[in-house]
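In what follows, a structure is listed as structure tokens, so that the remarks can point back to it.
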Amino acid sequence: MRYLAAQSVAEAAKALAAEAGVTRILSGGTDVLVQLKAGMVEPDLIVDVKKLPGMREIRAEAGGFRVGAAVAGAELGEHKAFCAAWPGVAEGFQLIGSTQVQGRATMAGNLCNASPAADSVPALVAGGVVARIAGPDGERDLAVVDIPAGPGRTNLKKGEFITSFLFPARAKGASDAYLRFIPRTEMDIAVSSAAVNLTIGADGKVSAAEVALGAVAPTVVRVPEAAKAIIGTKLDDAALAAMAKACEAACNPIDDKRGTIAFRTHTAGVLACRAAHIAYERAGGKA
Amino acid sequence: MAFDEYQKREFKQVGTRPNRPDGVDKVTGRAMYGADMTLPGMLVGRILRSPHAHAKIKSIDASAALALKGVKAVVTGADFARPEDDFLRDVQENCMARGKALYDGHAVAAVAAIDAATAKAALKLIKVDYEILPHVTDVDAAMKAGAPIVQDGRTLENVPAGMSGNVTSHSEFGHGDPAAGFAKADKVVERSFKTAATHQGYIEPHAAVASVTTDGKGELWCCTQGHFFVRTLCAGMLGMEASQLRVTPSEIGGGFGGKTTVFIEPVALMLSKKAGRPVKVVMTRDEVFRATGPTVSTSIDVKIGMTKDGRITAGEAYLRYSGGAFPCGTIDMGGQAAFAAYDLEHVRTYGWNVLTNRPKEAAYRAPGAPQAIYAVESVVDELCLALKLDPLDVRLKNAAKKGTKSSYGPTFPDIGLVATLEAAHKHPHYTAPLGPNQARGLSCGFWFNFGGNTCVSLNVNTDGTVGITEGNPDIGGSRASVSLMAAEELGIPYEQIRTIVADTNSLGYNDVTDGSRVTFAVGLATIKAARDAVRKMCQRAAKIWDIDEEAVEWKDGAAVPAGPNAGKFPPMTLAEIAADSFATGGPIAGHHEVNVDGAGVSFGVHLVDVEVDKDTGATKVLRYTIFQDAGKAVHPDYVEGQMQGGAVQGIGWALNEEYIYGKDGRLQNAGFLDYRIPVASDLPPIETVILEIPNPGHPYGVRGVGETPIVPPLAAISNAVSRAIGTRMCELPMSPPRILKAIGTTA
Chain A
5 MRYLAAQSVA EAAKALAAEA GVTRILSGGT DVLVQLKAGM VEPDLIVDVK
55 KLPGMREIRA EAGGFRVGAA VAGAELGEHK AFCAAWPGVA EGFQLIGSTQ
105 VQGRATMAGN LCNASPAADS VPALVAGGVV ARIAGPDGER DLAVVDIPAG
155 PGRTNLKKGE FITSFLFPAR AKGASDAYLR FIPRTEMDIA VSSAAVNLTI
205 GADGKVSAAE VALGAVAPTV VRVPEAAKAI IGTKLDDAAL AAMAKACEAA
255 CNPIDDKRGT IAFRTHTAGV LACRAAHIAY ERAGGKA
Chain B
1299 MAFDEYQKRE FKQVGTRPNR PDGVDKVTGR AMYGADMTLP GMLVGRILRS
1349 PHAHAKIKSI DASAALALKG VKAVVTGADF ARPEDDFLRD VQENCMARGK
1399 ALYDGHAVAA VAAIDAATAK AALKLIKVDY EILPHVTDVD AAMKAGAPIV
1449 QDGRTLENVP AGMSGNVTSH SEFGHGDPAA GFAKADKVVE RSFKTAATHQ
1499 GYIEPHAAVA SVTTDGKGEL WCCTQGHFFV RTLCAGMLGM EASQLRVTPS
1549 EIGGGFGGKT TVFIEPVALM LSKKAGRPVK VVMTRDEVFR ATGPTVSTSI
1599 DVKIGMTKDG RITAGEAYLR YSGGAFPCGT IDMGGQAAFA AYDLEHVRTY
1649 GWNVLTNRPK EAAYRAPGAP QAIYAVESVV DELCLALKLD PLDVRLKNAA
1699 KKGTKSSYGP TFPDIGLVAT LEAAHKHPHY TAPLGPNQAR GLSCGFWFNF
1749 GGNTCVSLNV NTDGTVGITE GNPDIGGSRA SVSLMAAEEL GIPYEQIRTI
1799 VADTNSLGYN DVTDGSRVTF AVGLATIKAA RDAVRKMCQR AAKIWDIDEE
1849 AVEWKDGAAV PAGPNAGKFP PMTLAEIAAD SFATGGPIAG HHEVNVDGAG
1899 VSFGVHLVDV EVDKDTGATK VLRYTIFQDA GKAVHPDYVE GQMQGGAVQG
1949 IGWALNEEYI YGKDGRLQNA GFLDYRIPVA SDLPPIETVI LEIPNPGHPY
1999 GVRGVGETPI VPPLAAISNA VSRAIGTRMC ELPMSPPRIL KAIGTTA
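Chains A and B, in that order, are what the protein sequence lines are.
Note that the working numbering numbers the first sequence so that position 78 is 82, with each residue one more than the last.
Note that the working numbering numbers the second sequence so that position 352 is 1650, with each residue one more than the last.
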């Protein structure tokens, strides 16, 4: 096993593309090191990308934020302007692991580990966040929703890795929220989860919305029908019931040690409704 | 009155809360745990484990592993002689399979190599030819005709003919005629329950360093609850004499019963013997879950009859326990404990132990009792609801007390159940208001407690301080308690006493730290060793004063003339006598060796409030209060810690903890991520109320307190959840999917 602390994006991409064997990208390492220790993976090459320029920066861009791929949860959580604009993203990211893990864990790692239960991903999907990807053929941008391909698989090509995320400019009256169900109160993995990103118009009604669910399908899923159910409403009971039903219809989960199909499907709807309430209140709405 | 019987007295130090002697080492990281021991030339041992739930081992080819550079030894089951004794043979075959792998994670071979990477690589080179056999992991399925037979020929004669070959033993306890009792009841409830196997969840994995030399001497350092028993087991397996194997216990990062046997220790010894070098074996967390001892998994039917005014007319329980792939006696304790809290005319329990393709059960706090009492207390609660009776009143009406013929035979002496129930009744928690989706549950709990073989030495140092040598690993603060009892008896400050846990060569045999025995039994032996030293110090004073020995007595830490006729001498302190000891006959020490009888049973009552989120099935524990009879709380911090710790483990057991097996018979959740013990934020503050009803069998009235507190939480929480959702829960754990299903929200 070789370890490369890349000095430039091009060097990292070149090394990853040239390696014939198993490669792993090391950023925070909170998944990779655990997998190494458990013997789940034996990489031939590990490329450390967290020291590359810009990887740990949060800066303003196009009225929104560009967040480096190696920004840790604890760092993002201390960025007041970001947390005010994207509280749902921040809370999803910061639910991962323990205080110690938060000092290392990154959103790009959480996304590229490609678990359907990844806590930071639903809010990124609901937020319409776009990842910037570096690779042997240069840079490209890809919406976060299009990156996971299935459990443990992404749509990134050989040699590609994420360098940053672009969070678009926020409209007035916009906010988001993320909720997950775990049997404990912390240190756990989502059995089901939901993120809601919405904007409230001057009339107090939801004018735009996006809903994404985690741990209920092979990848995090966008649920446009659930968003449609609450647009134009003040989250009345009928709207929420329609939203829950749309969420349930979008679920395609598995039965496993963490939960049953029926449980995941039901709670995904419950969590979406509760997250919608939180986002609505954060956006200044009064139900 | 016998010397060791309880005598009422005013305590000066017992009952105070001094600093723990092991505190500084533990918080600064200096304490030596099992994996901290290192020896020159030490090798790393690793164990290869079966990936199959049940498989015949046709052959093991370790030639490629042995050929790998850096590999110094390979061990398989064939390296061990086959013990005559059934018990020892089972322990050995659990440490290293022979002929068949009986569960996922069963050890089949081990290597010792120069480093961890080499050992890991060597494991991959061992070729095991398995013939996969059908498996069974569920206790009820294993009892059915045609179930795969885990081990042939293990059925005892007391098992009725016609049962599955997996049924290994049967037991019955009780008295009276339950049928006649049920006929007198106004209401009879009969329910079936299931409880999942749970793990003790100690944070420190098993670790051992073994060194066997060519002249046949062995040294073993390991984390264990009982190093004398480790010596017995390992010496038996390796054909060594007890004198040639010295076992030294490390500090212990939790045991809860799970470290009362051996798993890796004989393997480390055999690797060292073959390699000719010291070998360290440390389990991974995955190995701890797959291959050490969880609790029994159970299936229980309970039937109880009650009159309209709350008198129980009869109780009956059918208990089916599986202690995994080996015969297991825990069923007997379940059958005995089930109805222990009740004074019943008609009571009967029937128990069966059943083999399954699961790891061999190890003790876990009050083994067998939490499950049986969960089932009984659930049915009692259901009767209280049906008959609109106050659940504490009903317990009081039927409570076992002094003179009650217990459901398992003996007649109770002084016991504290009524006192704990009355304390619960008048506590503000019992009548505190509840909000929506909230409910209150309660349960009684019971454990027998144990005494056992104990040997203590107490050495009086010439500077007036005292060293105590005892042989029971300290899992619950026993060094502090032992020092306190010696301080009380000698009349010197606690701080001037240091208690250590010594190796197997330093003392006579000490039984394992289990059965809540240590503060009771080691405490008793310490008090007697102190009295032995006191007697010797009085002799020295008599010699100095030139008066009769009988004319000297011990008072407030000093020898004094026994009365006006003895002569007029100023008190001679322990320090003064010690300082002169070289001139008065040499060093002064007290000893005591005993097989202690007279352990007092311990009862507790737990009250719990929960709130159930009916949309997600999540249960939040809001408030928790424990009432328990400690006999005498020697160091109340530790007694409260035992009570709180038991409740926390019980909360985990009730709500989330379980061994989950896949269709392939492999354990699905061998780690703390998916085996969910509670985290701190899951728990409310746990209030404790200590009752002190002296145990007549101990000089200070001490009862064991370590096990009883894990017994009531299962039923207390299940009763609260059942009341909150309006449906009786009959399976543990009450995980959120199970609760939503019970409510009817999900199919």
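Each residue gets a CB set at the ideal place from its N, CA and C atoms; glycine is no exception.
None of the values given here were measured: they were computed from a predicted structure.
Which residues in the same chain have their Cβ closer than 6 Å to the Cβ of Glu1847 (chain B), if we skip the five residues on either side of it in sequence? Within the second sequence, the letter at position 549 stands for residue 1847 (chain B). Closer than 6 Å at Cβ, skipping near neighbours: Gln1837, Ala1840.
Just to confirm my understanding: we take Ala221 (chain A), look at its own chain, exclude 5 residues before and 5 after, and list those with CB closer than 8 Å. What are they? Along the first sequence, one-based indexing puts residue 221 (chain A) at 217. Closer than 8 Å at the Cβ level, and outside the excluded window around Ala221 (chain A), lie Pro120, Ala254, Cys255, Asn256, Pro257.
Measure the alpha-carbon distance for His1727 (chain B) versus Ile2015 (chain B) and round it to whole angstroms. By one-based count along the second sequence, residue 1727 (chain B) stands at place 429. By one-based count along the second sequence, residue 2015 (chain B) stands at place 717. Between His1727 (chain B) and Ile2015 (chain B), the C-alpha separation is close to 15 Å.
Tell me whether the beta-carbon of Ala1800 (chain B) lies closer than 9 Å to the beta-carbon of Tyr1792 (chain B). The residue labelled residue 1800 (chain B) in the question sits at position 502 within the second sequence. The residue labelled residue 1792 (chain B) in the question sits at position 494 within the second sequence. If you check the CB distance, Ala1800 (chain B) and Tyr1792 (chain B) do not come in under 9 Å.
Would the region 77-88 of chain A and the region 98-117 of chain A be scored as touching if the rule is three or more Cβ pairs under 8 Å? Because the criterion of three Cβ pairs below 8 Å is met, the region 77-88 of chain A and the region 98-117 of chain A touch.
Own chain, CB closer than 6 Å to Pro140 (chain A), minus 5 neighbours either side, in chain order: In the first sequence, the residue the question calls residue 140 (chain A) occupies position 136. These residues qualify, in order along the chain: Ala17, Ala21, Gly163.
In the DSSP assignment, find the unbroken beta strand (DSSP E) run with Glu2 (chain A) in it and report its ends. The first residue shown for chain A is 5 and the last is 291, placing residue 2 (chain A) beyond what the model contains.
For a cutoff of 9 Å on Cβ pairs, would you count Ser1620 (chain B) as touching chain A? Stepping through the second sequence from its first residue, residue 1620 (chain B) is reached at position 322. Interface with chain A (9 Å Cβ-Cβ cutoff): Ser1620 (chain B) is excluded.
Given that Lys261 (chain A) touches chain B, what residues does it touch there, using C-beta distances under 7 Å? Along the first sequence, one-based indexing puts residue 261 (chain A) at 257. From the beta-carbon of Lys261 (chain A), the residues of chain B found nearer than 7 Å are Ile1958, Gln1966, Asn1967, Asp1972.
Using beta carbons (cut-off 9 Å, strictly below), is Glu1914 (chain B) in contact with chain A? Working through the second sequence from its first residue, we reach residue 1914 (chain B) at position 616. At residue 1914 (chain B) the sequence reads Thr, which differs from the Glu that was named. It does: the Cβ of Thr1914 (chain B) has a partner Cβ on chain A nearer than 9 Å.
Return helix, strand or coil for Trp90 (chain A), following the three-state DSSP convention. Stepping through the first sequence from its first residue, residue 90 (chain A) is reached at position 86. Trp90 (chain A) falls in the coil class under three-state DSSP.
Is it true that the CB of Gly1613 (chain B) sits closer than 9 Å to the CB of Val1594 (chain B)? For this step, residue 1594 (chain B) is matched to residue 296 along the second sequence. For this step, residue 1613 (chain B) is matched to residue 315 along the second sequence. Their beta carbons are not under 9 Å apart, which means Val1594 (chain B) does not touch Gly1613 (chain B) by this criterion.
Burial state of Phe1378 (chain B) (16 or more Cβ within 10 Å): Here residue 1378 (chain B) is taken as the residue at index 80 of the second sequence, counted from 1. When all chains shown are included, Phe1378 (chain B) counts as buried.
Pairs of beta-carbons, one from the region 1308-1321 of chain B and one from the region 1927-1945 of chain B, closer than 8 Å: are there three or more? yes
Have a look at the DSSP bridge pairing and note the partners of Pro1341 (chain B). Taking the first residue of the second sequence as position 1, residue 1341 (chain B) is located at position 43. This sequence places Leu at residue 1341 (chain B); Pro is not what is there. Paired residues: B:Val1577.
Starting from Thr203 (chain A), trace the beta strand (DSSP E) both ways and give me its first and last residue. Indexing the first sequence from 1 puts residue 203 (chain A) at position 199. That run of the beta strand (DSSP E) goes 196-204.
Measuring straight from C-alpha to C-alpha, what distance separates Asp1484 (chain B) and Thr1605 (chain B)? Against the second sequence, residue 1484 (chain B) aligns to sequence position 186. Against the second sequence, residue 1605 (chain B) aligns to sequence position 307. Going by the C-alpha atoms only, they are around 5 Å apart.
Taking the continuous beta strand (DSSP E) assigned at Pro152 (chain A), which residues delimit it? On the first sequence, position 148 is the one that residue 152 (chain A) refers to. Here the beta strand (DSSP E) through Pro152 (chain A) covers 152-154.
So which residues of chain B does Glu190 (chain A) contact, with C-beta pairs closer than 7 Å? On the first sequence, position 186 is the one that residue 190 (chain A) refers to. Residues of chain B with a Cβ closer than 7 Å to the Cβ of Glu190 (chain A) are, in chain order, Val1977, Ser1979.
If we define contact as Cβ-Cβ less than 9 Å, is Ala1300 (chain B) a contact residue for chain A? In the second sequence, counting from the first residue as 1, residue 1300 (chain B) sits at position 2. Per-residue confidence for Ala1300 (chain B) stands at a pLDDT of 44, beneath the threshold of 50, marking its modelled position as unreliable; no derived number is given.
Buried versus exposed, by CB contacts within 10 Å (16 or more), Tyr7 (chain A): Sequence index remark: in the first sequence, residue 7 (chain A) carries index 3 (1-based). The residue in question, Tyr7 (chain A), is exposed, as its Cβ has fewer than 16 Cβ neighbours within 10 Å.
Drop a sphere of 10 angstroms on the beta-carbon of Lys1961 (chain B), count the other beta-carbons inside from all chains shown, and report buried for 16 or more, exposed for fewer. Counting from 1 along the second sequence, the entry for residue 1961 (chain B) is found at position 663. Exposed, because fewer than 16 other Cβ atoms sit within 10 Å of the Cβ of Lys1961 (chain B).
Element boundaries [beta strand (DSSP E), containing Ser1357 (chain B)]: For this step, residue 1357 (chain B) is matched to residue 59 along the second sequence. Unbroken beta strand (DSSP E) run through Ser1357 (chain B): 1353-1359.
Please return the same chain residues whose Cβ sits closer than 7 Å to the Cβ of Thr1323 (chain B), not counting the five positions on each side in sequence. Sequence index remark: in the second sequence, residue 1323 (chain B) carries index 25 (1-based). It is worth fixing the name first, because residue 1323 (chain B) is Asp in this sequence and not Thr. Excluding residues within five positions, the ones whose Cβ falls inside 7 Å are Ala1329.
Compute the Euclidean distance between the alpha carbons of Val1406 (chain B) and Leu1346 (chain B), then round it to the nearest angstrom. One-based indexing of the second sequence puts residue 1406 (chain B) at position 108. One-based indexing of the second sequence puts residue 1346 (chain B) at position 48. In a straight line, the C-alpha of Val1406 (chain B) is about 6 Å away from that of Leu1346 (chain B).
Assign Asn1456 (chain B) to buried or exposed, taking buried as 16 or more other Cβ atoms, counted over all protein chains shown, within 10 Å of its Cβ. Along the second sequence, read from residue 1 onward, the residue named residue 1456 (chain B) stands at position 158. Classification of Asn1456 (chain B): exposed, given that the 10 Å Cβ count is below 16.
Straight-line gap, Ala1440 (chain B) to Gly1460 (chain B) (C-alpha atoms, nearest Å): Reading the second sequence from its first residue, position 142 is the one you call residue 1440 (chain B). Reading the second sequence from its first residue, position 162 is the one you call residue 1460 (chain B). If I take the Cα positions, the gap works out to 14 Å.
Take Ala1371 (chain B) as the anchor and find which of B:Asn1651, B:Gly1574, B:Thr1917, B:Asn1863 has the nearest alpha-carbon. To locate residue 1371 (chain B), count along the second sequence from 1; it is residue 73. Closest option to Ala1371 (chain B), Cα to Cα, is B:Gly1574.
Close Cβ partners of Cys1393 (chain B) (< 7 Å) along its chain, the five nearest in sequence each way excluded: Within the second sequence, numbered from 1, the residue matching residue 1393 (chain B) stands at position 95. Ala1405, Val1560, Phe1561, Pro1564, Val1565.
So what's Phe1818 (chain B) in DSSP terms, helix, strand or just coil? Start at 1 with the first residue of the second sequence, and residue 1818 (chain B) comes out as number 520. Phe1818 (chain B): helix per DSSP, three-state reduction.
Neighbouring residues, chain A, relative to Pro2035 (chain B) (Cβ below 8 Å): Within the second sequence, numbered from 1, the residue matching residue 2035 (chain B) stands at position 737. What Pro2035 (chain B) touches in chain A: Gly263, Thr264, Ala266, Phe267.
Determine the direct distance from the alpha carbon of Thr189 (chain A) to that of Cys1532 (chain B), and round the result to whole angstroms. As a first step, residue 1532 (chain B) is located in the second sequence; it is residue number 234 there, counting from the start. As a first step, residue 189 (chain A) is located in the first sequence; it is residue number 185 there, counting from the start. Answer to the nearest angstrom: the Cα atoms are 43 Å apart.
Output needed in chain order: residues of the region 1763-1787 of chain B with a Cβ under 8 Å from some Cβ in chain A. none
Could you check whether the region 1935-1948 of chain B touches the region 1683-1702 of chain B, counting it as contact only if at least three pairs of C-beta atoms, one from each stretch, sit closer than 8 Å? By the criterion of at least three beta-carbon pairs nearer than 8 Å, the region 1935-1948 of chain B is not in contact with the region 1683-1702 of chain B.
Which bits of chain A does Leu1423 (chain B) rub up against, with CB to CB less than 8 Å? For the purposes of this step, residue 1423 (chain B) is taken as the residue at position 125 of the second sequence. Near Leu1423 (chain B) there are no residues of chain A at all, since even the closest Cβ is about 15 Å away, more than 8 Å.
Uninterrupted alpha helix (DSSP H) stretches inside the region 1706-1778 of chain B (no shorter than 4 residues): 1715-1724, all fully within the region 1706-1778 of chain B.
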